[in-house]
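*Asks:* Using the working numbering, you'd call the opening residue of the sequence shown number 90 and step up by one each time. Take a look at the following structure, please.
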Amino acid sequence: MNALLKRVWIGLAATLIVGLATVVLPDHIQMDDDGRIHLGAPAPSLSTVAPTPESTSPPLTRDTVDKVIRAAISAAGLDPAQGRTLAADAYSDRTGWMAVREKSAAQSEMNKICADLERQGWTLNPNGDRPDASRSYKRGGWYLLVSTRGKSQAPSTTSPLTDSQTYLTLTGLQLNLSDIPLPDVTITIG
Numbered sequence: 090m091n092a093l094l095k096r097v098w099i100g101l102a103a104t105l106i107v108g109l110a111t112v113v114l115p116d117h118i119q120m121d122d123d124g125r126i127h128l129g130a131p132a133p134s135l136s137t138v139a140p141t142p143e144s145t146s147p148p149l150t151r152d153t154v155d156k157v158i159r160a161a162i163s164a165a166g167l168d169p170a171q172g173r174t175l176a177a178d179a180y181s182d183r184t185g186w187m188a189v190r191e192k193s194a195a196q197s198e199m200n201k202i203c204a205d206l207e208r209q210g211w212t213l214n215p216n217g218d219r220p221d222a223s224r225s226y227k228r229g230g231w232y233l234l235v236s237t238r239g240k241s242q243a244p245s246t247t248s249p250l251t252d253s254q255t256y257l258t259l260t261g262l263q264l265n266l267s268d269i270p271l272p273d274v275t276i277t278i279g
């Protein structure tokens, strides 16, 4: 009975791992004709054309991304100096801007900022975004998140926001996801 129970638990664990991997990394799951599931980077195929890398000449620097953010904020009719920015000497791989805005205008301002980012060549990443609350963009190893987020539901006496206000934020992060190794795992069920 213990051996059967052990096999059931192993099967359930393998199913859970494959299910999670399918959601998180859908491009890294392959199933053979005999039912074997292979996790990891797909093997290169002669029939698939390699995607063209993003054009990053010259490579984006933090200063360049700061200029992109200021230009998008200005294109929305806002003054970049009216918000808070991350100190330039604090981090070389992140930047951002935040301002308190009226909820009635924040959505329109976010839409204008996003339109300008697309005009500047940033690629929209629609996975997981909520167009009415947040949108993310990528370009040259940098990721930008544009969002409006309001007051928390819990009452607070220290919140600088009124009920009619929200935060409008642009957050920039430089990520190199190719440095994260993915293990190659083959699972045989049955």
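Ideal Cβ positions, reconstructed from N, Cα and C, are used throughout, including at glycine.
Compare the Cα-Cα distances from Asp205 to each of Tyr180, Trp231 and Val157 and report the closest residue.
*Replies:* That would be Val157, whose Cα lies nearest to the Cα of Asp205.
*Asks:* For Asn216, which residues does DSSP report across the bridge?
*Replies:* BP columns for Asn216 are empty, so no partner.
*Asks:* Quick check on DSSP: helix, strand or coil for Thr260?
*Replies:* Strand.
*Asks:* Contact between the segment 168-175 and the segment 193-209 is defined here as three or more beta-carbon pairs at a separation below 8 Å; is this criterion met?
*Replies:* No: the two stretches stay apart, fewer than three of their Cβ pairs being nearer than 8 Å.
*Asks:* How many Å lie between Arg190 and Pro249 at the Cα?
*Replies:* Answer to the nearest angstrom: the Cα atoms are 11 Å apart.
*Asks:* Helix or strand or just coil, what does DSSP make of Thr251?
*Replies:* Residue state, collapsed to three classes: coil.
*Asks:* How about Leu175: is its Cβ closer than 8 Å to a heavy atom in the ligand NAP?
*Replies:* As presented, the structure is devoid of all ligands, the ligand NAP included, so that no description of it is given.
*Asks:* Can you give the beta carbon distance from Ala164 to Thr255, rounded, assuming they're within the 8 Å contact cut?
*Replies:* Contact doesn't hold; Cβ gap of about 20 Å is too wide.
*Asks:* Let me know if Leu257 comes out buried or exposed under the rule of 16 or more other beta-carbons within 10 Å of its beta-carbon.
*Replies:* Per the 10 Å Cβ criterion, buried.
*Asks:* Beta-carbon within less than 7 Å of Leu213's beta-carbon, same chain only, minus the 5 sequence neighbours each way: which residues are those?
*Replies:* Result list for Leu213: Glu207, Arg224 and Tyr226, in chain order.
*Asks:* Out of Ile99, Arg96 and Ala188, which has the shortest C-alpha to C-alpha gap to Arg159?
*Replies:* Selected option, being the one with the closest Cα: Ala188.
*Asks:* Give me the Cβ distance between Leu328 and Arg151, rounded to the nearest whole Å; I'm assuming they're in contact under 8 Å.
*Replies:* The question about residue 328 has no answer, for the chain in this structure spans 90 to 279.
*Asks:* How long is the line joining the alpha carbons of Ser170 and Trp231, rounded to whole angstroms?
*Replies:* The sequence as given places Ala at residue 170; Ser does not occur at that position. If you take the alpha carbons of Ala170 and Trp231, they lie about 23 Å apart.
*Asks:* Got a sec, what are the start and stop residues for the alpha helix (DSSP H) Thr153 sits in?
*Replies:* Per DSSP, Thr153 belongs to the alpha helix (DSSP H) from Arg151 to Ala164.
*Asks:* So is Ala92 buried or exposed if we call it buried at 16+ other beta carbons inside 10 Å?
*Replies:* Label assigned to Ala92: exposed.
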